[in-house]
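There are 2 protein chains.
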Amino acid sequence: MSDKWVYDFSEGSKDMRELLGGKGANVAEMTRVLGADRVPAGFTITTEACVAYMKADQTEPEGMADEVAEALERLQEHTGKRLGDDDDPLLVSVRSGARESMPGMLDTVLNLGMNDRSVEGLAKATENDRFAWDSYRRFLQMFGNVSRGIDGEAFEQAIADVKADRGVEEDTDLDTDALKALVDRFKALYKEHTDEEFPQDPQEQLRLAIRAVFDSWTGDRAKEYRRINRIPDDWGTAVNVQQMVFGNKGDTSGSGVAFSRDEVTGAPEPSGDFLPNAQGEDVVSGARTPRDIAEMKEWLPDAYEQLMDILKTLEQHYGDMQDTEFTVEEGQLYMLQTRDAKRPAQAAVRFARDAVDEGLLEREQALMTVDAEMLTALLVKTFDPGANYEVIATGVPAAPGGAKGEVVFTARDAIDAAAEGRDVVLVRPDTNANDVGGFHAAKGILTSLGGKASHAALVARGMGVPCVTAASELKINLEDKCIRVGERTIGEGDFIAINGTNGEVTLDDVPLVDPTEDPAFDEILKAFETVLGWADDVRRLGVRTNADTPADARKARELGAEGIGLCRTEHMFMAEDRQPKMRRMIMSGTRDARKEALAELLPLQQEDFEGLFEAMKGLPVTIRLLDPPLHEFLPNLPDLAAHVERARIEVSADLDELETLLETTERISEENPMLGTRGCRLGILYPEIYEMQVHAIMRAAKAMDEPPHPEIMIPLVDYEHEIELMRELVVRIGDEEGLHEIEDYTVGTMIELPRACFVADRIAKFADFFSFGTNDLTQTALGFSRDDVESKFVPVYMERKIIERSPFETIDKPGVGWLVRLAAWVGRESRPDLKLGICGEHGGDPDSIEFFHMAGLDYVSCSPFRVPIARVAAAQAAIIHANDRSWADA
Amino acid sequence: MSDKWVYDFSEGSKDMRELLGGKGANVAEMTRVLGADRVPAGFTITTEACVAYMKADQTEPEGMADEVAEALERLQEHTGKRLGDDDDPLLVSVRSGARESMPGMLDTVLNLGMNDRSVEGLAKATENDRFAWDSYRRFLQMFGNVSRGIDGEAFEQAIADVKADRGVEEDTDLDTDALKALVDRFKALYKEHTDEEFPQDPQEQLRLAIRAVFDSWTGDRAKEYRRINRIPDDWGTAVNVQQMVFGNKGDTSGSGVAFSRDEVTGAPEPSGDFLPNAQGEDVVSGARTPRDIAEMKEWLPDAYEQLMDILKTLEQHYGDMQDTEFTVEEGQLYMLQTRDAKRPAQAAVRFARDAVDEGLLEREQALMTVDAEMLTALLVKTFDPGANYEVIATGVPAAPGGAKGEVVFTARDAIDAAAEGRDVVLVRPDTNANDVGGFHAAKGILTSLGGKASHAALVARGMGVPCVTAASELKINLEDKCIRVGERTIGEGDFIAINGTNGEVTLDDVPLVDPTEDPAFDEILKAFETVLGWADDVRRLGVRTNADTPADARKARELGAEGIGLCRTEHMFMAEDRQPKMRRMIMSGTRDARKEALAELLPLQQEDFEGLFEAMKGLPVTIRLLDPPLHEFLPNLPDLAAHVERARIEVSADLDELETLLETTERISEENPMLGTRGCRLGILYPEIYEMQVHAIMRAAKAMDEPPHPEIMIPLVDYEHEIELMRELVVRIGDEEGLHEIEDYTVGTMIELPRACFVADRIAKFADFFSFGTNDLTQTALGFSRDDVESKFVPVYMERKIIERSPFETIDKPGVGWLVRLAAWVGRESRPDLKLGICGEHGGDPDSIEFFHMAGLDYVSCSPFRVPIARVAAAQAAIIHANDRSWADA
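Going down the list, the protein sequences come from chains D and F.
When we follow full-length UniProt numbering, the leftmost residue of the first sequence carries the number 1, and every step to the right adds one.
When we follow full-length UniProt numbering, the leftmost residue of the second sequence carries the number 1, and every step to the right adds one.
Take a look at the structure:
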C-alpha cells in the first residue's frame with residue numbers, strides 16, 4: 001500500500017484500475033492522451049484510501065484530508081474557478097468508482113459546491129436563474145440523502161407540498177420562486193434531521209460527500225450485490241472529484257455524442273448527434289431532436305475541427321473505433337467519455353479492413369477488433385432494426401436471424417406448406433430427429449422447451465435457420481394445434497414472427513432486411529472476404545464443418561470449411577423412405593432378419609456418402625457410425641401407450657401389431673437413454689449395423705473419381721477394447737472391399753465420456769484420430785442432460801451467478817476443459833501423430849475455440865453457418881497466444 | 001533369456017511361474033516342500049524354450065534335446081524304472097502348462113512310453129491285462145491325434161467297428177482280446193495317415209509329444225482363446241513331463257482326496273475320501289462309493305500317517321487349509337496336487353480363529369485367509385446345500401440367501417400377504433422407490449430386468465432380503481399377473497423359490513437352512529466375533545452403514561456399524577401416508593402453496609430423524625437432503641397416458657384431475673432424469689424443500705437426550721457456489737433453531753459428478769466433509785445408466801472380456817478411481833481436516849474397499865448386511881498395504 005491517497009487525473013492511466021477504480025483510470029487515460037484542457041479536470045481518491053478508512057472504523061487515513069485539500073487547490077487553479085464563488089463558481093461531481101462496475105449500487109453527489117452564494121454565481125454564468133436554483137435544490141436533496149441518510153420520501157413530500165401550494169402538477173412547472181421556497185424547505189429538513197445547519201462551506205460538503213461514498217461501499221445493497229456477483233468486500237471503491245461543465249451556458253455551449261466512424265456501416269467518416277445549449281442528458285432523452293454532427297461545423301467551426309482531430313487521435317490511441325461524449329462550455333470543448341464503439345458486423349469488418357488500408361492497424365490488430373460471434377448476421381435476414389413490434393414472449397436466441405410466416409405444428413405440415421410455397425414457422429414444445437425434414441421446409445423454428453444447445457437449436461444453427469427456443473411463456477398444445485400465451489390463443493395458420501438474434505416472438509409483421517440486398521453491402525462483402533483471408537493466414541487451427549447432407553456440406557465449403565468434422569449417419573435414417581426399414585431392422589428378433597433389413601438400407605447409405613464425398617471434393621470427411629439409442633427410431637412411448645389403450649377399447653384391427661410395437665418400444669426404452677445402449681455399444685451388440693455402414697462408406701469411396709478421405713469414427717468409447725474390436729470390424733470390411741487402412745481411410749474415435757479421457761493413452765493405440773464430442777462430455781462431466789436442464793435450472797443458475805454462461809455454449813474449463821487437455825496430452829504421449837479435433841457445438845464458440853487452440857487441437861468443426869466465426873476466432877486465438885509457450889509443447 | 005531349457009521339478013519353486021508355467025511351478029513347489037519321493041518325479045521344459053521354438057519356425061532350440069535326454073535319464077534313475085521296459089515300465093504324462101491357465105486349449109499326452117513291449121510290463125505290474133491294453137490303445141489314440149493330427153473320428157470309427165464285430169454296446173464291454181485287436185487297427189490307422197510306422201521308441205514318442213504341445217500354443221483354438229482373454233501370444237507354454245503313478249496296482253494301491261481340516265465346518269480334523277485299488281478319476285466319478293479318509297488308517301496305516309503328516313506340513317508351508325489329491329502305488333504315497341481349500345464362510349472363520357490359537361498363523365495372516373465377500377452367508381438362511389431341485393431360470397445373484405413363498409406382483413399384495421402371515425416372493429420386471437414397502441414384507445425379490453446394482457438389488461442387499469435380478473428368461477406380465485417361462489405359466493399365489501446366492505429360480509420347495517439353528521454354529525459364531533474383533537483392531541478405515549429407517553440402523557449397529565454414512569431422505573416420502581402430501585407439494589404452482597404442503601411433512605420428517613438419532617445413540621448420522629427428480633413421486637408416464645386416454649374415451653368424472661396430473665407429469669418428466677433437475681439443483685430452485693428438511697433435522701436433534709451428530713449432506717454439487725448457497729441455507733435455519741455449525745452439526749457434500757472432482761479444492765472451502773457417491777460417479781464417468789445397462793450390455797461386455805466385473809460392483813479404477821483420488825487429494829490440499837467417506841454400493845465391496853483404503857478415505861458406508869464384510873475387507877486392505885507409503889501422504 002502506498003502513502004499517496006490522491007491522484008490528479010493527469011497522473012493516472014488506464015493501467016491503474018485497481019488503485020483508481022474503473023472510472024478514475026479511464027478519465028486519467030483520456031486526460032493523458034488529450035491533455036488536461038480537454039477533459040474536465042479533477043482527482044481520484046484511491047481504493048486504498050477506502051480500504052484504510054474501512055479498516056480504521058470509518059476514519060480517513062492520515063494525510064488524506066491534506067492531499068484532498070491540495071488537489072482541490074490545484075483543481076481551482078487549473079480551472080480558474082473556485083468552489084462557492086459568487087461569480088462563476090466551480091462545481092464538482094463526487095462519484096464512486098470501483099475496480100468492477102457496480103451500477104447504481106454506490107453513491108454519487110452532483111453539483112457539489114452549491115450554496116447560498118454560488119447559486120447566484122451559477123445563475124449569472126448560465127444566464128438561467130431557474131437552472132441555478134433547480135441545481136441547488138437538487139444538490140440539497142442528493143447531499144442530504146446521500147451524506148446524511150435523510151429519507152428521500154421527506155424531500156418528495158416537501159416537493160409535493162410546494163406543488164400543492166402553487167397549484168401545479170409537474171416538477172417542471174415550478175418556477176424560480178417556487179424553487180427558492182423549496183431550497184428553504186430542504187435546508188429546514190436538513191436541520192430537522194441532523195440537528196445541524198446545512199454546511200455552506202464547500203470544503204465541508206466535500207469531506208462529507210467523500211465519506212458518504214466510502215460508506216456506501218459497506219451499505220447493505222452494495223454488500224448484497226457483491227455477494228451475488230462475487231466481488232470481494234475488501235476491494236473498496238475509489239472516489240472521483242471532477243469539475244462539472246455545462247453545455248447549457250448559452251449559444252456557444254452544447255453537448256453531443258460522436259463516433260470516429262459511421263457506427264452502422266463502418267464507413268470512414270465520423271458520425272454522431274449534438275444539441276446546442278443543452279446538457280448531455282438532453283441529447284439522449286429524445287425531448288429535443290438532436291442535429292447531425294456534420295452541422296456542428298457551421299455552428300462552432302473551431303470546436304468541430306478540434307473534435308474531428310480528437311476523434312482521430314483517440315482512434316489512433318486506442319486502435320479502435322471510438323464512441324465519445326462531449327460538452328462545449330462557452331466555446332471550450334470538453335471530452336467526457338470515450339470507449340470502443342459497439343458496432344454491427346458490417347461495420348466491424350469494414351473498419352477492420354479500412355484500418356489496415358489506412359495504416360492505422362496491423363492485420364492482426366485489426367482482426368482483434370472483430371467480434372467473431374456476430375458474423376453470422378452477415379449471412380441471414382434480420383428484423384429491421386427500426387421496426388416497432390409487440391413482444392409476446394422471449395426465449396433463448398438459439399440461431400440468429402429473423403423469420404416469419406404461418407404457424408405449423410408438425411414437420412409434415414411444414415413440408416406440405418413449403419411445397420405450396422407458403423412461408424411457415426415450425427412451432428413445437430421441443431423437437432427430435434423426426435422433425436428434421438421440417439427444419440428445411442420452415443423459415444424459422446420456435447420451441448417452448450430446450451435451450452441454446454437443445455436439438456432444435458443445434459440443427460437450426462447448423463442450417464442457418466433462425467430459431468428461438470425455451471420461450472416458456474408459450475403453452476403449446478399439439479393435440480389442439482394451438483398456442484396459449486397469457487390471454488391469447490394462436491392457432492395453426494396464424495401469423496407469427498421470431499427474432500433468433502435476441503429471442504423475441506411477436507405476432508406483428510415485422511419487416512425483414514436482407515443485408516445482401518443493400519447496395520452498400522458489396523463493399524462490406526469485399527471487406528468480409530479480406531478479413532477472412534487474413535484470418536486464414538494467421539490461424540493454426542483447422543476449421544471443418546458438421547454436415548449430414550450434401551447441401552450442408554456445399555454451403556460449408558462456400559463459407560470456407562476445410563472438411564467435414566462430423567457426419568451424423570443417424571440423420572440419414574430419419575428420412576421418410578428409410579424409417580420403416582430402420583424400424584423393421586429394430587423389430588427383428590434375429591441377427592439374420594436384421595441383416596436382411598439392413599441390406600435394403602445399404603445402397604441408400606452408399607448414396608448418402610457418395611453425395612457427401614462429391615460435395616467435399618477430396619477433403620477429409622469424418623463419418624460417425626450409428627450413435628443414438630434405437631428407440632429414437634420408434635414412437636414416443638406415452639403417445640404409443642395412449643394409442644394402444646384406445647385400440648384396445650375400440651378393439652382395432654391393428655391391435656396385435658400395435659401391441660407388438662408397444663412391447664418392443666417398452667423393452668428398448670431406457671430410463672436415461674443418454675447413458676444407455678448407444679454408440680459403440682450398439683456396434684458391439686449388433687455388429688451387423690456397423691458392418692452395413694462401413695460397407696456403404698467403402699463402396700461410396702470406391703465409386704468416386706477423386707479419392708475421398710473418409711475418417712471412420714467410433715462413438716462413445718469408454719474402454720480401449722471397444723475401439724480395438726470396432727477397428728477390427730472396420731478393417732475386416734475394408735479388406736473385403738479391397739481398401740487399406742491409413743492409405744484409403746482412417747479409424748478414430750469420439751472422445752465424449754470422462755473415462756475415455758483418463759485412458760486416452762490406451763485408446764490412442766487403436767485410434768488414428770480423436771474428435772472431442774464436447775456436448776456429451778459436458779453432459780456426463782457435469783451431470784447435465786442438455787435437453788432437460790437448458791430450460792429448467794440453467795437460467796436460474798445464470799441469474800444466481802452460479803454459472804456465467806450455459807456450459808453447452810462455452811466450454812466449462814475446470815471440468816470439461818480439464819478432460820479435453822488430459823486426453824489430448826496422454827493421447828499424444830501414446831501416439832505423437834494422433835490427429836485431434838472437436839465436433840461439439842463448442843467448435844463454433846469463440847471463447848471455446850481459444851481454449852481449443854491452447855489445448856493444442858488440430859481443428860474445430862462447427863455448423864456450416866458458424867464456419868466464418870470459427871475462422872476469425874481461431875485467428876484471434878493464435879494472435880492472443882502468439883507468444884505463449886504452448887501447453888502441448890510443455 | 002537363459003540357456004537352460006529344462007528344469008527338474010526339484011529345481012523349481014512357486015515363484016518361477018513365468019518360466020515354468022503355473023503347473024510346473026506348483027509341482028516344483030510341492031516337490032521342494034515334501035521331498036522328491038513324495039511327488040511323482042519329472043521335469044519342465046520352459047516357456048522360453050517354447051518361445052524360441054516358435055521364433056525359429058518350429059525348431060527346437062539348440063541344446064534342448066540334450067537337456068531333455070539328460071532329464072529323462074535322471075528321471076529313470078530316480079524312479080528305478082525305464083521307458084519302454086517290459087517289466088515295470090516307466091510311463092510319463094506330457095502336459096502343457098502356461099503362465100495363465102487356458103483350460104482345454106492346449107494338448108496333453110498321457111501314458112507315454114507305451115509300446116508293444118511295455119504293455120506287457122504294465123500288465124504284469126498291475127496284474128491287469130485289460131487295464132494295460134486299454135492304456136495302450138488310449139495312448140495310441142491320444143498320441144496319433146495330438147502329435148500327428150489324425151482325426152479323432154477315424155479312431156472312433158475303428159472302435160465302433162470292433163464293437164460291431166464283437167457284438168457289444170459299450171467301450172467297457174470290450175475285453176482284452178478286443179482291445180488288442182483295436183491296438184492293431186490303431187497302428188494301421190497311424191500308418192495310413194502318416195505313411196510312417198507308429199514309433200515304438202519312447203524317446204521318439206517324447207520328442208513328438210513335446211513338439212505337439214508347443215504347436216498347440218499356436219493352434220487356432222488357443223489363439224482365439226487368448227484373443228478373447230487377452231493373453232499375450234508371446235508368452236508360450238511350458239511342457240511338463242511327469243512319471244505316471246497307478247493307484248490301481250492292487251491292494252496296496254489306491255487314490256484319494258484329503259483336506260487338512262473339515263472343509264465344511266472348519267473343525268481341526270483332516271477330512272476326505274479314498275478308494276483302494278483305484279485311480280484318481282474313480283474317486284470323483286461316483287462309479288464306486290468312496291470311503292472316509294479315517295478308514296484308511298486301518299488299511300494302510302503307514303501311508304495314512306504319512307498323509308496326516310504331509311497335510312500338516314502343507315498347511316504350515318502354505319499357511320492355509322489345503323485341499324490335496326494323492327495316490328498310493330504299492331504302498332508308496334504320492335502327492336499329486338495341493339491347493340488352498342475353497343471353503344464356506346463358517347469354515348473360513350473357524351479356521352482363521354483356530355489357526356491363531358494353534359500358533360499356525362498370526363492374526364493378520366489369519367484375517368487374510370477369509371474371503372470377506374462370503375460372510376453374509378452367516379447371516380441369512382440358504383438353500384440346503386444337499387437339496388435337488390429343477391432350475392427354471394438363472395439370473396444375477398443380487399443379494400445372498402434363499403427365499404420361498406407365493407408369487408405376488410405388487411408391493412401392496414406383498415404387504416397384505418405379510419399381514420396375513422403368508423410368505424411371499426415379490427416378482428416384478430424391475431422395481432422403483434414405490435415398491436420399497438413391499439421389500440420389507442416379502443421373503444425374497446425376483447426381477448427379470450436390472451442387475452447386481454439395480455434398484456431391487458441395492459435395496460434388497462441393504463435389507464438382507466434374498467434377491468435375484470435379471471432373470472431374463474422370465475416374461476413377467478403385470479397386467480395378467482403371470483410369469484411365462486418356456487412352456488410354463490406361473491400365476492399369482494403359485495409357489496416359487498429363489499437362491500440369491502447363485503441366482504437360481506425354482507418351483508420346487510427347497511428346504512432352507514438357517515445356520516444359526518445348527519448347534520455347531522455356536523462355535524462358529526464365537527469364531528466370527530473373534531475374527532471381526534481382530535479386523536477392528538487392524539483396520540484404519542471406519543465402517544458406517546447406509547440406512548433410512550431405525551430398523552436398518554439398529555441392525556447395522558448390531559453388525560458393528562460406527563455411524564450412518566448415508567440416510568436417503570427421499571425414501572421417507574415414499575410411505576403411503578406421505579406420498580399424497582409430497583404430490584400435493586409438487587403439484588403446487590406457487591412457493592406459498594408448496595410451503596403449506598411441506599409444513600405438513602415437517603413433523604413427519606422430524607419423527608423420522610428422531611428415530612434414526614435414537615437408534616444410533618450419538619454416533620454420526622449423515623443425512624442427505626432430497627436428491628431424486630420430483631417426477632419419481634408422480635405416476636409412470638406411459639401408464640398415466642394410457643389411463644387418461646381411457647378416461648377421455650369413457651368421459652370419466654375425474655378426467656380434469658387426471659389431465660392436470662398428466663400435464664404436470666409431462667412437464668416435470670425428463671429425458672435423462674439422472675442428469676436432470678435433482679440434488680442440490682432442487683434445493684436451489686425450491687429452497688423451501690431443503691428448509692423444511694433442515695428444520696426437521698435440527699428439531700429432531702434438539703429433542704434428543706443424548707446429542708446426536710447430524711452431518712447434513714448436499715447432493716449433486718458441481719459448482720462451489722452451489723454448496724456455498726446451500727451451506728448458507730443450512731446455517732440460516734440452524735441459527736433460527738439455535739444450533740451452531742461444527743459444534744452441533746456439520747455440512748458437507750456428496751461428490752458424485754466428475755466436475756466436482758476437478759474443483760474439489762474449491763468445494764472443500766464450504767464443506768466439512770465429502771462423501772463419494774460412487775454409484776452416480778460411475779454412471780457419469782462411464783456414461784452408464786445403472787438401471788439400463790446392467791441387464792443389457794454389461795453381460796455382453798463381460799462375455800467379450802471388455803470388462804471383468806460390473807463397474808457398479810467393483811469400482812472402475814482408471815476412471816472413477818482416478819476421480820476419487822483426485823478429489824480426495826485436492827480437497828485435502830484445500831482443507832486438511834476434510835473428512836472423507838464413500839457411500840456408494842462400492843462401500844461394501846472388498847476390492848473397492850482396498851482401493852478406498854489406499855485413496856486415504858476415512859470411512860466406507862455400506863448396506864447393514866455388508867458391514868461385517870466391510871470390517872474384514874478394511875482390515876485386509878490395511879494388512880496388504882501396511883508397508884506402503886500412503887498415496888495420500890506422498
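Just so you know, even glycine gets a beta-carbon here, dropped at the ideal spot from N, CA and C.
Taking 7 Å as the limit between beta carbons, can you name the residues of its chain near residue i, skipping five residues before and five after?
{"i": "residue 602 of chain F", "result": "692, 695, 696"}
{"i": "residue 542 of chain F", "result": "562, 858, 859"}
{"i": "residue 832 of chain D", "result": "none"}
Closer than 6 Å by C-beta to residue i: which residues in its own chain qualify, once you throw out the five before and the five after it? Chain order, please.
{"i": "residue 821 of chain F", "result": "855"}
{"i": "residue 52 of chain F", "result": "61"}
{"i": "residue 890 of chain D", "result": "For residue 890 of chain D, the predicted model reports a pLDDT of 40, less than 50, meaning its position is unreliable and no value from the coordinates is stated."}
Name the DSSP beta bridge partners of residue i, please?
{"i": "residue 712 of chain F", "result": "F/623, F/747"}
{"i": "residue 6 of chain D", "result": "D/45"}
{"i": "residue 334 of chain D", "result": "D/327"}
{"i": "residue 399 of chain D", "result": "D/467"}
Compare the C-alpha of residue i against each of the options and name the closest.
{"i": "residue 371 of chain F", "options": "F/878, F/881, F/877, F/873", "result": "F/873"}
{"i": "residue 415 of chain F", "options": "F/68, F/574, F/364, F/441", "result": "F/441"}
{"i": "residue 588 of chain D", "options": "D/389, D/354, D/689, D/378", "result": "D/689"}
Please state whether DSSP places residue i in a helix, a strand or coil.
{"i": "residue 114 of chain D", "result": "coil"}
{"i": "residue 388 of chain F", "result": "coil"}
{"i": "residue 815 of chain F", "result": "helix"}
{"i": "residue 214 of chain F", "result": "helix"}
{"i": "residue 61 of chain F", "result": "coil"}
{"i": "residue 322 of chain D", "result": "strand"}
{"i": "residue 862 of chain D", "result": "strand"}
{"i": "residue 274 of chain F", "result": "strand"}
Please return the same chain residues whose Cβ sits closer than 8 Å to the Cβ of residue i, not counting the five positions on each side in sequence.
{"i": "residue 704 of chain D", "result": "610, 613, 614"}
- prompt: For the 8 Å Cβ check, are there 3 or more pairs between the stretch 235 to 248 of chain D and the stretch 83 to 102 of chain D?
  reply: yes
message: With three or more C-beta pairs closer than 8 Å as the rule, is the stretch 759 to 778 of chain F touching the stretch 645 to 657 of chain F?
response: no
message: So, does the stretch 334 to 344 of chain D touch the stretch 257 to 264 of chain D, judging by three or more C-beta pairs under 8 Å?
response: yes
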